[in-house]
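In the numbering used here, the protein residues as written are 626 to 935. The structure under discussion appears below in the form of structure tokens.
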Amino acid sequence: MKKTVVNLFTGFLGVGKTTALRHLIEHRPPHEKWAIIVNEFGEVGIDGAALSNDDMPVAEIAGGCLCCVAGPQMTATVATLLRREHPDRLLVEASGLAHAAGVIDELREKPLGDALEIGAVMTLVDPRQFVSDEYLRQPLYRDQIALADVLVANKIDMADVETLEAFRRQAGMLFPPKTLIAEVRQGQLDPAWLSVAARPQPRYRPAVPHGDTGQWDSQGWLFEPDVEFDGERLVDFFDALPKQVPGLVRAKGVFRVLDSWVWLNWAEGQWGANQVSWRRDSRFELIAPNIDAEVLGGLLTRCRTDRGER
Ligand SMILES: Nc1nc2c(ncn2[C@@H]2O[C@H](COP(=O)(O)OP(=O)(O)O)[C@@H](O)[C@H]2O)c(=O)[nH]1
Ligand SMILES: [Mg+2]
Numbered sequence: 626m627k628k629t630v631v632n633l634f635t636g637f638l639g640v641g642k643t644t645a646l647r648h649l650i651e652h653r654p655p656h657e658k659w660a661i662i663v664n665e666f667g668e669v670g671i672d673g674a675a676l677s678n679d680d681m682p683v684a685e686i687a688g689g690c691l692c693c694v695a696g697p698q699m700t701a702t703v704a705t706l707l708r709r710e711h712p713d714r715l716l717v718e719a720s721g722l723a724h725a726a727g728v729i730d731e732l733r734e735k736p737l738g739d740a741l742e743i744g745a746v747m748t749l750v751d752p753r754q755f756v757s758d759e760y761l762r763q764p765l766y767r768d769q770i771a772l773a774d775v776l777v778a779n780k781i782d783m784a785d786v787e788t789l790e791a792f793r794r795q796a797g798m799l800f801p802p803k804t805l806i807a808e809v810r811q812g813q814l815d816p817a818w819l820s821v822a823a824r825p826q827p828r829y830r831p832a833v834p835h836g837d838t839g840q841w842d843s844q845g846w847l848f849e850p851d852v853e854f855d856g857e858r859l860v861d862f863f864d865a866l867p868k869q870v871p872g873l874v875r876a877k878g879v880f881r882v883l884d885s886w887v888w889l890n891w892a893e894g895q896w897g898a899n900q901v902s903w904r905r906d907s908r909f910e911l912i913a914p915n916i917d918a919e920v921l922g923g924l925l926t927r928c929r930t931d932r933g934e935r
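Below, the structure is given as structure tokens:
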């Protein structure tokens, strides 16, 4: 039987992996059948909601790093997807904290290995981070870059000319050389890049013990589908978030605003909004060193419309 090709997407929290998947789904070759798996650090799972669409199965694995906490769950989820859907291609978004190499090992092992072909690994980087020593010192970040077949600089609209030149210089010197190095904005990856040659990946030996992300906490909230949020109040809430939550790492949610749903995202001091086709509950999640759930829950509740409070 024809094997399903897996493309793993890795990259730091907030670099644009889900945005890239949304773009790729829109530009999928019509004759190919795809399925998507997203993994998230937190418990409630926002990316699955942001990616949900009518044409393609999206499975979500929430609550930890794909290759350890969520490892057995990933194997079961992938096996079920393959059996039910027989996709030509499986796109896996690893949480920005996952040991991507461990995920590949998991996918190569039996029983999954027989049904899967490991395709090109897509690693997204923010060129501002890629050229900074602070990031390059982190083993997780280095792992993600080492693993890439396709290395994509996203958010190039946020980088100055010198940063982009430094990115090209440093990326070009990586050894072994990448199959493809690209620069995009808004996750606009070319679907053809998914098919570039994947290098054989050596077996993974973790450079750092698992659970090294213990410095962060995450907290999620869920709201019933009939709860409506007020757009302006949400804007104020997101504007005030960095002040409310010292050391904020990441915040994101999908919210019902009038009769549509928006995906709101805070990463790297910047926030954005996109329409999504999700039509279920509203949910919000953040990652930070310390979270006062009571205060934040109160602020969120105040973003509801007066209609929603009835
Ligand atoms: N300025 C800018 N923002 C972007 C770009 N690509 C994605 N974003 C935003 O970055 C935030 C995080 O994106 P997301 O795809 O959720 O990142 P993930 O955590 O890697 O999945 C969202 O608000 C996106 O809209 C880009 O090229 N430029
Ligand atoms: Mg994501």
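C-beta atoms are modelled at their ideal positions from N, C-alpha and C, and glycine is treated no differently.
Asked                                                                                                                                                                                            : Found
If you run the structure through DSSP and keep just helix, strand and coil, what is residue 815?                                                                                                 : coil
Are residue 896 and residue 863 close, meaning C-beta to C-beta below 9 Å?                                                                                                                       : yes
For ligand 1, any of its heavy atoms closer than 8 Å to the Cβ of residue 856?                                                                                                                   : no
With DSSP as the reference, please indicate the residues paired to residue 912 in a beta bridge.                                                                                                 : 843, 875
Identify, in the order they occur along the chain, each residue of the same chain with its Cβ nearer than 8 Å to the Cβ of residue 822, setting aside the five sequence neighbours on each side. : 745, 774, 804
Quick check on the DSSP output: the alpha helix (DSSP H) that includes residue 645 runs from which residue to which?                                                                             : 642-651
Is any heavy atom in ligand 1 found nearer than 8 Å to the beta carbon of residue 718?                                                                                                           : yes
In the DSSP assignment, what residue or residues form a beta bridge with residue 854?                                                                                                            : 882, 929
Closer than 8 Å: is that where the CB of residue 782 sits relative to any heavy atom of ligand 1?                                                                                                : yes
Checking the sheet assignment: what are the DSSP bridge partners for residue 907?                                                                                                                : 848
Helix or strand or just coil, what does DSSP make of residue 746?                                                                                                                                : coil
Looking at residue 633: is its Cβ nearer than 9 Å to the Cβ of residue 770?                                                                                                                      : no
Going by DSSP in three states, residue 804 sits in which element: helix, strand or coil?                                                                                                         : coil
With a threshold of 8 Å, establish whether the CB of residue 669 neighbours any heavy atom of ligand 2.                                                                                          : no
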